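Residue numbers (the numbering used here): 44 to 259.
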């Protein structure tokens, strides 16, 4: 309430409070966030003293600071945080990486266990999972074709060629081939925005700017 109804008043002489945020909602009418919180303890120090000792870029209402840095600042102003509050800060949570969200089927794209055909199939399935509509060609059709075309929203498409390798370096032959695939697809597709891309586990270097390079 102080930051909304009484935001013009100066409360810097008041002791700051150690809080535990228990919930939050955003009001679409007032365009203001509303927090639910529990007061843990009142400090012995005026708010302005804490503010003066914070880094200049950490003095806004919503800002973040490393725990160890904050503890040092509190010590410098003679504050000893309550144990209940410190426990909240010190709680260690398991760090979840992006691979934890992806099943083994797609993770196999990143290693060397797949054949070239399997790599193409897995890339097509990944595009599908991301919401693209895929027309897979490559090993599915006899002749010279791109490995697939991934389209989205009816007006965007990527003509792609898969390279089942690490540190892929494209050659002039690769470039000519992907350009031909792109021009051929432009003749038969309706999208206004059609681009071409190489897809590999990693690239040694990137070449022409009008070709996308998508590392897995």
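Idealized CB from N, CA, C, for every residue including glycine.
As the structure is a computational prediction, the values presented were derived from the model and not from experiment.
Which of helix, strand or coil does DSSP assign to residue i?
| i | result |
| --- | --- |
| residue 181 | helix |
| residue 70 | strand |
| residue 56 | coil |
| residue 210 | coil |
| residue 194 | strand |
| residue 225 | helix |
| residue 157 | coil |
| residue 45 | Low per-residue confidence applies at residue 45: pLDDT is 46, beneath 50, and the placement is therefore not dependable, though the value from the model is reported in the following sentence. Reduced to three states, the DSSP call for residue 45 is coil. |
| residue 149 | helix |
| residue 233 | coil |
| residue 101 | helix |
| residue 108 | coil |
| residue 173 | coil |
| residue 61 | strand |
| residue 168 | helix |
| residue 220 | helix |
| residue 79 | strand |
How many Å lie between residue i and residue j at the Cα?
| i | j | result |
| --- | --- | --- |
| residue 82 | residue 132 | 15 Å |
| residue 163 | residue 181 | 8 Å |
| residue 170 | residue 71 | 35 Å |
| residue 109 | residue 53 | 27 Å |
| residue 237 | residue 184 | 21 Å |
| residue 255 | residue 239 | 6 Å |
| residue 45 | residue 144 | Confidence in residue 45 is poor, its pLDDT being 46 and thus under 50, which makes the residue's placement too unreliable to answer from. |
| residue 51 | residue 65 | 26 Å |
| residue 57 | residue 122 | 15 Å |
| residue 217 | residue 223 | 10 Å |
| residue 102 | residue 119 | 17 Å |
| residue 124 | residue 112 | 13 Å |
| residue 235 | residue 188 | 20 Å |
| residue 165 | residue 69 | 41 Å |
| residue 140 | residue 161 | 25 Å |
| residue 244 | residue 114 | 43 Å |
| residue 172 | residue 92 | 53 Å |
| residue 247 | residue 219 | 19 Å |
| residue 259 | residue 142 | 12 Å |
| residue 194 | residue 95 | 54 Å |
Using only alpha-carbon positions, find the residue among the options that is nearest to residue i.
| i | options | result |
| --- | --- | --- |
| residue 196 | 187, 218, 233, 80 | 233 |
| residue 175 | 159, 153, 202 | 202 |
| residue 128 | 85, 155, 152 | 85 |
| residue 205 | 157, 113, 105, 198 | 157 |
| residue 78 | 88, 67, 87 | 67 |
| residue 242 | 228, 148, 209, 231 | 209 |
| residue 231 | 149, 100, 178 | 178 |
Kindly give me the distance between the Cβ atoms of residue i and residue j, rounded to whole angstroms, as I take these residues to be in contact under 8 Å.
| i | j | result |
| --- | --- | --- |
| residue 212 | residue 200 | With 8 Å as the limit, residue 212 and residue 200 do not qualify as a contact, their Cβ atoms being about 26 Å apart. |
| residue 80 | residue 62 | 5 Å |
| residue 59 | residue 90 | 4 Å |
| residue 253 | residue 207 | With a Cβ gap of about 24 Å, residue 253 and residue 207 do not count as contacting. |
Any heavy atom of the ligand GTP inside 6 Å of the beta-carbon of residue i?
| i | result |
| --- | --- |
| residue 70 | As presented, the structure is devoid of all ligands, the ligand GTP included, so that no description of it is given. |
State the start and end residues of the unbroken beta strand (DSSP E) segment that holds residue i.
| i | result |
| --- | --- |
| residue 257 | 255-258 |
Can you tell me where the alpha helix (DSSP H) holding residue i begins and where it ends?
| i | result |
| --- | --- |
| residue 123 | Run containing residue 123: none; DSSP gives neither H nor E here. |
| residue 91 | 90-96 |
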